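Right, one structure below, let's go through it.
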Amino acid sequence: MGTACADTAVTHSIAGETLYHILKKQGTTFTTGSLTVSLADGNKIERYVNTTCVKIRLGGHTLPLNLVAIPGAKNNNTLLGMDFLESSGIVLNVKRKTWFFDD
């Protein structure tokens, strides 16, 4: 069991440093490629990334989660991006700090 943060400013879900190392130890297969990353200051850079798809359990549902891992990233959190939030049907209620499935 682990934690992740929903982040509506992120287009792709990101595997944090800890999750990335756990998945590698478990033998999860990653594909290497490149991705244009937009930084908080508005600059865009091309980064080599590792990607994979894993199954997660959330609120009684088993869901596929496509993850991007940025090699060398330190102390970053796992982020559930808009790709996951939209495909899973999760609705965020920011005012009440809750979420639910729209099914």
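Reminder that position 36 of the sequence shown reads as 1013 in my numbering, one-by-one numbering, no gaps.
Think of the CB as a built atom: it goes at the ideal place given N, C-alpha and C, for glycine as much as any other residue.
As the structure is a computational prediction, the values presented were derived from the model and not from experiment.
- If the five residues before and after TYR1025 are omitted, its C-beta is found closer than 6 Å to the C-beta atoms of SER1011, all from its own chain and listed in chain order.
- Here the segment 978 to 992 makes contact with the segment 1054 to 1063; the two share three or more CB pairs at distances below 8 Å.
- A residue is called buried when at least 16 other Cβ atoms come within 10 angstroms of its Cβ; LEU996 meets this threshold and is buried.
- The alpha-carbon of GLY1036 is positioned some 31 Å away from that of ALA1017.
- Note: ALA986 is not bridge-paired with any residue in the DSSP secondary-structure output.
- Collapsing the DSSP output to three states places ILE1047 in coil.
- Pairing ASP1079 with ALA983, the inter-Cα distance amounts to about 16 Å.
- Proximity to GLY1066 across LEU1040, CYS1030, ASN1052, LYS1002 peaks at LEU1040, based on C-alpha coordinates.
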